[in-house]
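Chains as they are written, first to last, in the numbering used here: chain A, 1 to 262; chain B, 263 to 573.
First comes the structure, then the notes that go with it.
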Amino acid sequence: MKKFKKVLKEINFTFNNIILFNSFLNAFLIFLVIYIILSLFNFYQTYSLVPAGLHFIINLYKGVREKHLITVEKKYPLLNERLRTARDNIRMENPVVDSLKSDIMRDMKRVEVSSFINQKNISYKTLLSIILCFLIIFSAQFDISHNIKNAADNTLDFIYGLAGNNTNEGESGLERMAGSGATESIFGNAQIAQMGDENIDMVIKQSGYEINLDEVKEPERREFEELFPDEVFVATADVYEEEIKEEQQELVKAYFLKLAES
Amino acid sequence: MMKNKEMFDSLYKEVGKIVVGQKSVVEQILITILCDANALLEGYPGLAKTLAIRTMAKLMDLKFSRIQNTPDLMPSDITGTYIIEETSGKRNFKFQPGPIFANIVLADEINRATPKTQSAMLEAMQEKQVTVGNKTFQLDRPFFVLATQNPIEQEGTYPLPEAQADRFLLKIRVGYPTYDEEVEIVDKYAFQSIEKKVKLIFNKNEIMHMQDLVRQVPIANDLKKRVVSIVAETRKNPNLIEYGASPRASIGLVLASKARALVKGRNYVSKDDIDTMAYPILRHRIILNFEAERKGMSTDDAIKEIISKVR
Numbered sequence: 001m002k003k004f005k006k007v008l009k010e011i012n013f014t015f016n017n018i019i020l021f022n023s024f025l026n027a028f029l030i031f032l033v034i035y036i037i038l039s040l041f042n043f044y045q046t047y048s049l050v051p052a053g054l055h056f057i058i059n060l061y062k063g064v065r066e067k068h069l070i071t072v073e074k075k076y077p078l079l080n081e082r083l084r085t086a087r088d089n090i091r092m093e094n095p096v097v098d099s100l101k102s103d104i105m106r107d108m109k110r111v112e113v114s115s116f117i118n119q120k121n122i123s124y125k126t127l128l129s130i131i132l133c134f135l136i137i138f139s140a141q142f143d144i145s146h147n148i149k150n151a152a153d154n155t156l157d158f159i160y161g162l163a164g165n166n167t168n169e170g171e172s173g174l175e176r177m178a179g180s181g182a183t184e185s186i187f188g189n190a191q192i193a194q195m196g197d198e199n200i201d202m203v204i205k206q207s208g209y210e211i212n213l214d215e216v217k218e219p220e221r222r223e224f225e226e227l228f229p230d231e232v233f234v235a236t237a238d239v240y241e242e243e244i245k246e247e248q249q250e251l252v253k254a255y256f257l258k259l260a261e262s
Numbered sequence: 263m264m265k266n267k268e269m270f271d272s273l274y275k276e277v278g279k280i281v282v283g284q285k286s287v288v289e290q291i292l293i294t295i296l297c298d299a300n301a302l303l304e305g306y307p308g309l310a311k312t313l314a315i316r317t318m319a320k321l322m323d324l325k326f327s328r329i330q331n332t333p334d335l336m337p338s339d340i341t342g343t344y345i346i347e348e349t350s351g352k353r354n355f356k357f358q359p360g361p362i363f364a365n366i367v368l369a370d371e372i373n374r375a376t377p378k379t380q381s382a383m384l385e386a387m388q389e390k391q392v393t394v395g396n397k398t399f400q401l402d403r404p405f406f407v408l409a410t411q412n413p414i415e416q417e418g419t420y421p422l423p424e425a426q427a428d429r430f431l432l433k434i435r436v437g438y439p440t441y442d443e444e445v446e447i448v449d450k451y452a453f454q455s456i457e458k459k460v461k462l463i464f465n466k467n468e469i470m471h472m473q474d475l476v477r478q479v480p481i482a483n484d485l486k487k488r489v490v491s492i493v494a495e496t497r498k499n500p501n502l503i504e505y506g507a508s509p510r511a512s513i514g515l516v517l518a519s520k521a522r523a524l525v526k527g528r529n530y531v532s533k534d535d536i537d538t539m540a541y542p543i544l545r546h547r548i549i550l551n552f553e554a555e556r557k558g559m560s561t562d563d564a565i566k567e568i569i570s571k572v573r
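Here it is as structure tokens:
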């Protein structure tokens with residue numbers, strides 16, 4: 001009985017190892033693919049760990065819950081129904097059950113672990129993961145993400161050129177695409193950026209959150225005139241009371257009192 | 263296991279010397295014997311029901327007796343009765359055992375006996391003992407009743423009540439032989455009159471040992487559940503079956519499947535054993551409803567449908 005228990009344990013152990021390896025390989029592939037995609041767009045590459053990790057956990061959970069004995073029976077029809085029967089009657093000891101267990105142990109010698117491993121599939125996956133690893137190294141070496149951005153800009157410039165659109169100097173293709181023709185409507189009236197009579201030279205860039213250190217300059221020191229411009233002064237509203245003559249003030253007061261009473 | 267298989271194979275071979283074809287019938291009779299149970303054979307006259315049973319009794323070195331059931335047969339004709347015996351001037355009551363005191367009892371056309379006689383026999387089947395007067399007699403082991411009934415000529419018969427039919431483990435349907443088999447039968451019995459001798463294959467102890475082995479054959483849990491599902495399904499189909507099988511059918515199906523596995527030389531029960539044995543186990547335990555009968559369905563058709571429903 002102990003020997004048979006050992007056989008069952010070995011089957012489970014071997015299958016769990018195979019499942020663990022397959023899950024890891026699949027998760028690694030997913031990680032690499034997503035990592036490459038995120039690096040191309042210069043997004044947080046570490047996020048690729050999330051789907052890979054999730055896939056690994058789900059795959060492992062599913063695999064461990066699978067009935068390994070049925071898998072063995074399917075692969076080896078010789079053991080069909082016998083393995084399950086012996087497993088279910090593992091505590092039973094009688095000549096028939098014992099003969100079943102010894103038959104199984106004899107036939108299990110024909111079972112090869114390699115028959116449960118899809119070597120072709122694993123080879124392809126391993127090869128693919130190697131290729132993806134090299135791709136990641138090369139993309140980092142040649143700054144492919146930056147080059148892709150430039151290439152995209154150039155392509156868009158070219159397309160705009162073909163379409164006959166005016167191109168503004170200093171505005172990249174992507175920027176143009178993001179804000180083409182709608183700058184004013186999006187950012188509002190330019191007069192808001194007016195201070196007094198003077199227009200403030202202010203540019204809001206539609207896209208691109210990167211700061212080019214070359215463009216950053218010391219703030220310009222401006223001398224403001226001591227007197228405020230005319231427009232700033234507010235003429236006080238004339239109060240009608242001040243225009244009432246002194247002798248008539250009593251009359252006006254009486255008038256308002258009468259009004260209040262009524 | 264292989265030794266047992268060889269013995270069963272030689273039994274088939276020996277039966278084959280006398281009975282042409284009917285291998286499935288012989289196998290099911292053997293399963294009944296291995297399960298220490300009783301079987302009901304149903305078939306038209308002249309299909310070698312009696313011959314098959316008699317031959318098997320000879321092969322197993324078992325005491326065989328035959329009861330031809332008729333409406334005037336009394337229970338005491340089966341069980342036996344007390345007779346007055348005179349020894350040295352003294353008169354004593356002595357028990358004269360009836361034909362039930364045998365190992366294999368062939369109750370021919372059981373449906374022709376009155377319910378009173380039928381129940382006397384069925385009690386013996388169930389309890390393996392007979393009570394005459396105020397004394398109980400144990401029947402010799404192994405003990406099997408193999409009853410036959412004729413599906414035609416139902417006039418003046420007393421069909422077995424369902425509760426009593428349930429006591430038979432299997433209802434074996436005996437069919438007609440194939441054309442070639444019939445030619446062989448004609449060759450064998452129309453031109454020769456010599457009674458062929460058969461070899462002894464099992465003795466009583468071996469049979470009882472194998473009966474013990476049957477109960478030891480392991481069955482997987484999912485197959486056990488399948489058995490219960492099949493039997494339970496007979497109770498869940500009111501559109502097909504009026505009365506389903508009882509849990510006794512589940513026990514019988516597991517046991518019969520184990521015996522079949524042993525007969526086939528296997529040390530485990532397979533799905534095929536269960537599906538095959540479901541027919542003779544359930545055949546007499548389910549009653550079709552009017553709608554199913556109107557459609558011309560047989561109990562075997564209903565069982566087939568039930569098996570296909572259970573995965």
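Note that CB positions come from ideal geometry on N, CA and C, so glycine has one too.
Rounded straight-line distance, which links the Cα of residue j to that of residue i
{"i": "M336/B", "j": "E304/B", "result": "23 Å"}
{"i": "E265/A", "j": "F256/A", "result": "Any question about residue 265/A goes unanswered here, given that chain A covers just 1 to 262."}
{"i": "Q400/B", "j": "K390/B", "result": "6 Å"}
{"i": "K557/B", "j": "Y541/B", "result": "20 Å"}
{"i": "L128/A", "j": "V7/A", "result": "35 Å"}
{"i": "S327/B", "j": "V367/B", "result": "5 Å"}
{"i": "L60/A", "j": "I565/B", "result": "41 Å"}
{"i": "A369/B", "j": "I492/B", "result": "30 Å"}
{"i": "T419/B", "j": "T379/B", "result": "13 Å"}
{"i": "L502/B", "j": "I536/B", "result": "21 Å"}
{"i": "I244/A", "j": "S262/A", "result": "23 Å"}
{"i": "F270/B", "j": "L462/B", "result": "12 Å"}
{"i": "S286/B", "j": "I543/B", "result": "14 Å"}
{"i": "P480/B", "j": "L292/B", "result": "19 Å"}
{"i": "D442/B", "j": "Y451/B", "result": "14 Å"}
Coil, strand or helix - residue i by DSSP
{"i": "A182/A", "result": "Note that A182/A has pLDDT 46, beneath the 50 cutoff, so the model's placement of it is unreliable and the number below is only indicative. It is coil, neither helix nor strand."}
{"i": "L324/B", "result": "coil"}
{"i": "R222/A", "result": "coil"}
{"i": "E304/B", "result": "strand"}
{"i": "L422/B", "result": "coil"}
{"i": "T496/B", "result": "coil"}
{"i": "P359/B", "result": "strand"}
{"i": "I295/B", "result": "helix"}
{"i": "A409/B", "result": "strand"}
{"i": "N150/A", "result": "helix"}
{"i": "I548/B", "result": "coil"}
{"i": "P77/A", "result": "helix"}
{"i": "F256/A", "result": "helix"}
{"i": "F399/B", "result": "strand"}
{"i": "T349/B", "result": "strand"}
Chain C residues whose Cβ lies nearer than 7 Å to that of residue i
{"i": "A482/B", "result": "The structure shown has no chain C; the protein chains it does contain are A and B."}
Partners in chain B for residue i, counting only beta-carbon separations shorter than 8 Å
{"i": "L100/A", "result": "P480, N529 and Y530"}
{"i": "N103/A", "result": "The sequence given here has Asp at residue 103/A, not Asn. By Cβ distance, chain B contributes N529."}
Start-to-end residues for the alpha helix (DSSP H) that takes in residue i
{"i": "R84/A", "result": "R82 to D88"}
{"i": "A27/A", "result": "K2 to L40"}
{"i": "P542/B", "result": "K533 to L544"}
{"i": "L54/A", "result": "L49 to R65"}
{"i": "E444/B", "result": "Y441 to A452"}
{"i": "I366/B", "result": "Note, I366/B: premise wrong, no alpha helix (DSSP H); beta strand (DSSP E) at I366 to D370."}
{"i": "K279/B", "result": "M264 to I280"}
{"i": "T341/B", "result": "P337 to T341"}
{"i": "I513/B", "result": "P509 to V525"}
Chain A residues whose Cβ lies nearer than 8 Å to that of residue i
{"i": "L475/B", "result": "P95 and V96"}
{"i": "M263/B", "result": "V96 and S99"}
{"i": "K533/B", "result": "E81"}
Candidates the options: closest to residue i by CA position
{"i": "A518/B", "options": "E276/B, T332/B, N266/B and E289/B", "result": "E289/B"}
{"i": "F134/A", "options": "V33/A, V252/A, K2/A and E247/A", "result": "V33/A"}
{"i": "I569/B", "options": "A554/B, N551/B, F552/B and M539/B", "result": "M539/B"}
{"i": "L296/B", "options": "A409/B, G283/B, P404/B and K275/B", "result": "P404/B"}
{"i": "T496/B", "options": "D323/B, E567/B, G308/B and A310/B", "result": "E567/B"}
{"i": "I58/A", "options": "T46/A, L79/A and N26/A", "result": "N26/A"}
{"i": "K397/B", "options": "F357/B, S272/B, E385/B and F406/B", "result": "F357/B"}
{"i": "T376/B", "options": "E347/B, P333/B, A386/B and M470/B", "result": "P333/B"}
Heavy atom of the ligand NAP within 6 Å of residue i beta-carbon
{"i": "H471/B", "result": "With respect to small molecules bound, the structure shown includes none, and the ligand NAP cannot be examined in it."}
Per-residue contacts from residue i into chain B (C-beta, under 7 Å)
{"i": "M92/A", "result": "P480"}
Enclosing beta strand (DSSP E) for residue i [first to last residue]
{"i": "F138/A", "result": "First-last for F138/A: Q119 to Q141, but that is the alpha helix (DSSP H), not the beta strand (DSSP E)."}
{"i": "Q473/B", "result": "Not the beta strand (DSSP E): Q473/B falls in the alpha helix (DSSP H), residues K466 to Q478."}
{"i": "K566/B", "result": "Counting along the chain, K566/B falls outside any beta strand (DSSP E), though it belongs to the alpha helix (DSSP H) covering T561 to K571."}
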